[in-house]
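Structure, as structure tokens:
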DNA sequence: TCAAAAGTGTTGGGATTACACCCATGG
DNA sequence: CCATGGGTGTAATCCCAACACTTTTGA
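Protein chains in written order, with our numbering: chain P, 1449 to 1684; chain W, 1449 to 1684.
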């Protein structure tokens, strides 16, 4: 892998290893895809908006670190946590040589614990209205969205963002937010129902219309199947 | 990002940062996709087969490190170098806490400098006949192939593996190797020519048949366009 | 009764698959 | 002249995109 001289050369200049987590949530009321940000507590850039992150501890892998901070900030275990990219530019952090392994996760926005978010001075921001973030975190958010879009085509990831019971109009709005584009609603229904992913329930959600929209839940068996085998949920 | 106590906690337990590079080449004579491996020089696992890699130096980013070792081992600059995944299991290296950022690159096998490969006790192995590698390097190779397959569908990456002039039968064999499946050759020609990527030349390659196969080269303008906009080169 | 959201089908065009034979040439 | 690999076309099918009106019901 390396020669010894390189190894000892490295020893005096440790590289610090951090993780940052792009935590996505879908606000069903506002029909907006959101990202959790907080005001960074340490220098450099203390007080500026930042993704949630942490150094990787000696006894944990990066995914464990990403999972740990997710729980710290939201009280939730991740339904969906995927490594995005490792950012390694030499000057990305002016204070130390720090590389950051970025993850992205999908959570149910209605379940997170508000007091934890408040305690950390964190807040949810619309994907289209992200403020200036520290270092390369804006890049991380934008890379995460692209990844989420690509994954949504091949796997039914979007369901991780919705409550167990949801309506087709909600799911439709979610896909429009993920893809950042208008979708034909008749074709959407046809395509999504054709996957066999959805079980229609008897009940209706009447909070957004007088007629009410039927509840659906996703079929876990079919869901796991498509997660493995892949599908093609893509709209023009 | 973190609190100070975590920072100082980390300081005494540095995590070492390495890169490993899955270098792909296409052997046009044997019609095989190959990966460059070498016998690891340092403990642990000295003498065992390994991907080519190095620690990341204090003044270089990971991509620069990956590029550096590519040049060290092949004498080539990378046409195509992409970050794959960062492997961070705590016990992956029994000696130290080392994480590895894996890259994969595509090179023209006929151009690499043999003496460098020999000097490093390296060799080319068929993608279907990879020996047991150190640590998680078999996983890296298999992840790299999956990534190469996915990228090949959306972008014309395969051309990075071929010389400037190549024949359709060669390109066809290359895609079969990448996808690890049989492809209908008439449909392949139709689809690949329909992209407008290929310029047919006057000359023929007669090394593999009496009739000879026409040379093609790829159209750089169209190539860059499809690299950006994406395409859909996928076969049943 | 009306406003506001939910729900529903068809058709035409383009793309994809499956499939088998002739061509050119050097030995 | 023949063995070897190179090259070609069509028909049937499937999938996708485009598109507009009816239903329900609470206020």
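C-beta: ideal position from N, C-alpha, C; glycine also.
Please read all numbers here as calculations on a predicted model, not as lab measurements.
Is residue i helix, strand or coil when you go by DSSP?
i              : result
residue 1509/P : coil
residue 1591/P : helix
residue 1563/W : helix
residue 1621/W : helix
residue 1585/W : helix
residue 1607/W : helix
residue 1576/P : coil
residue 1488/P : coil
residue 1463/P : coil
Within 8 Å of any Cβ in chain P, is that where the Cβ of residue i sits?
i              : result
residue 1516/W : no
residue 1531/W : yes
residue 1635/W : no
residue 1536/W : yes
residue 1600/W : no
residue 1570/W : no
residue 1509/W : yes
residue 1549/W : yes
residue 1565/W : no
So, residue i versus residue j, is the Cβ gap smaller than 8 Å?
i              : j              : result
residue 1560/W : residue 1529/W : no
residue 1499/P : residue 1527/P : no
residue 1663/W : residue 1613/W : yes
residue 1471/W : residue 1484/W : yes
residue 1493/P : residue 1582/P : yes
residue 1575/W : residue 1606/W : no
residue 1642/W : residue 1653/W : no
residue 1474/P : residue 1682/P : no
residue 1620/W : residue 1482/W : no
residue 1501/W : residue 1537/W : no
residue 1506/P : residue 1461/W : yes
residue 1570/P : residue 1486/P : yes
residue 1646/W : residue 1674/W : no
residue 1512/P : residue 1547/W : no
residue 1531/P : residue 1533/W : yes
residue 1467/W : residue 1578/W : no
Examine chain W for any beta-carbon lying closer than 8 Å to the beta-carbon of residue i, and answer yes or no.
i              : result
residue 1461/P : yes
residue 1679/P : no
residue 1506/P : yes
residue 1545/P : yes
residue 1626/P : no
residue 1470/P : no
residue 1465/P : yes
Which term fits residue i, buried or exposed, when burial requires 16 or more other beta carbons within 10 angstroms of its beta carbon?
i              : result
residue 1634/P : exposed
residue 1615/P : buried
residue 1618/P : buried
residue 1517/P : buried
residue 1657/W : exposed
residue 1610/W : buried
residue 1543/P : exposed
residue 1590/P : exposed
residue 1567/W : exposed
residue 1659/W : exposed
residue 1648/W : exposed
residue 1480/P : buried
residue 1594/W : exposed
residue 1677/P : exposed
residue 1669/P : exposed
residue 1632/P : exposed
residue 1522/W : buried
query: Which parts of the stretch 1632-1681 of chain W are runs of the beta strand (DSSP E), unbroken and 3 residues or longer, counting only runs that do not cross its ends?
result: 1646-1653 and 1661-1666
task: Taking only runs that begin and end inside the stretch 1497-1542 of chain P, name each unbroken beta strand (DSSP E) of 3 or more residues, in chain order.
output: 1500-1503 and 1528-1535
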